[in-house]
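When the letters of the sequence shown are read in order and numbered with my numbering, they come out as residues 472 to 706. Here a beta-carbon is modelled for each residue, glycine too, at the ideal position from N, C-alpha and C. Please read all numbers here as calculations on a predicted model, not as lab measurements. Following: one structure in structure tokens, then a few remarks.
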Amino acid sequence: MKLLLACLLAVSAFAADVAKPHIPLAQQPLRMATNIAAFEAADKANPPPQHALLFSGASTLRLWKNVGEEMQPYPVINRGFGGSFTTEVLGYMDRITLPYHPRVVVFQCGGNDINSGDPVEAPIARIREYLARLRKENPDCAVVFVATTRAPSRKAKWPLLDEYNRQLEQIVKEGKGLWYVDINVALNLPNGEGKPGHYLKDMLHPAAAGYKAIASVLKPAVDAAWQATEAAFKK
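So this is what it looks like as structure tokens:
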């Protein structure tokens, strides 16, 4: 009897979990307030330069500890924060994007949105809003959009991630002063699996070798974006 009751309770709990609907990220409160406050405190203690190279997005950027070295000679501000959604990067941009008046933004975010259950169109729409707000405040800013990672741990989501990257690249094709960089060619084998040693044990975030590989495909786009904005930022 006790065994039967335990089984029934387990089935009920499973059914309730399965039936739980996905709440769109746009309807969820912003998280990461502590992270943003820490950025602001750091800015107050040591004001970062204006018109720098800003990295804006989620944990793949946050964990890139030597990004300043890889992107030399440009002044780098890294404002990636772990596990973030595009709702949060957009929601906090008045505090950790716009005040820096960046010359070039390297943006990577959206994979967490899709992994959470949001449809591809949702983060794409938010990225369009991010770009519009950025250009309204800083019309000469260039943006390098980085493809979301087709990480081995997210293999079930690869078709959605591919569609997201396709639509992200389309944004670049439609605009000016925009670049698109597919870092997956640097991280993954032709069959889609991760290159040996390029991911951490979680098979989600790049390892040191992975970041080195990312830099090799990202730096040329950053160079081009920086050169393209030279005249505008010499005013």
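Among 630, 680, 561 and 651, which residue has its Cα nearest to the Cα of residue 586?
Closest option to residue 586, Cα to Cα, is 630.
If I'm right that residue 604 touches residue 564 with Cβ under 8 Å, what's the distance once you round it to whole angstroms?
Yes, they are in contact, since the Cβ atoms of residue 604 and residue 564 sit about 6 Å apart, within 8 Å.
With DSSP as the reference, identify every bridge partner of residue 551, one or two as the case may be.
Paired residue(s): 528.
On the three-state DSSP scale, how would you describe residue 635?
If DSSP states are grouped into helix, strand and coil, residue 635 belongs with the helices.
Keeping to the same chain, check which residues put their C-beta closer than 7 Å to that of residue 500; ignore five residues upstream and five downstream.
Once the five neighbours on either side are set aside, residue 500 has no close Cβ partner at all.
At 4 residues or longer, what runs of the alpha helix (DSSP H) sit wholly inside the stretch 528-600?
List check, alpha helix (DSSP H) in window: 530-533, 538-541, 557-562, 564-567 and 582-587.
May I have the straight-line CA-CA distance separating residue 574 from residue 700, to the nearest angstrom?
So the two alpha carbons sit approximately 7 Å from each other.
Could you name each continuous beta strand (DSSP E) segment of 3 residues or more that falls completely within the stretch 632-699, going from the start of the chain to the end?
Whole beta strand (DSSP E) segments, 3+ residues: 649-652.
Can you name the residues that DSSP bridges to residue 616?
Note: residue 616 sits in a beta bridge opposite 578 and 651.
If you follow the alpha helix (DSSP H) that residue 506 is in, where does it begin and where does it stop?
Looking at the DSSP string, the run of the alpha helix (DSSP H) that includes residue 506 is 504-516.
What's the call for residue 505, buried or exposed, on a 16-neighbour Cβ count within 10 Å?
Exposed: under 16 other Cβ atoms inside 10 Å.
For residue 625, which three-state DSSP category applies?
Residue state, collapsed to three classes: helix.
How many Å lie between residue 622 and residue 670 at the Cα?
Using only the alpha carbons, I get a separation of about 8 Å.
Can you say whether residue 584 is buried or exposed, counting buried as having 16 or more other CB atoms within 10 angstroms of its CB?
Answer is buried; the Cβ neighbour count reaches 16.
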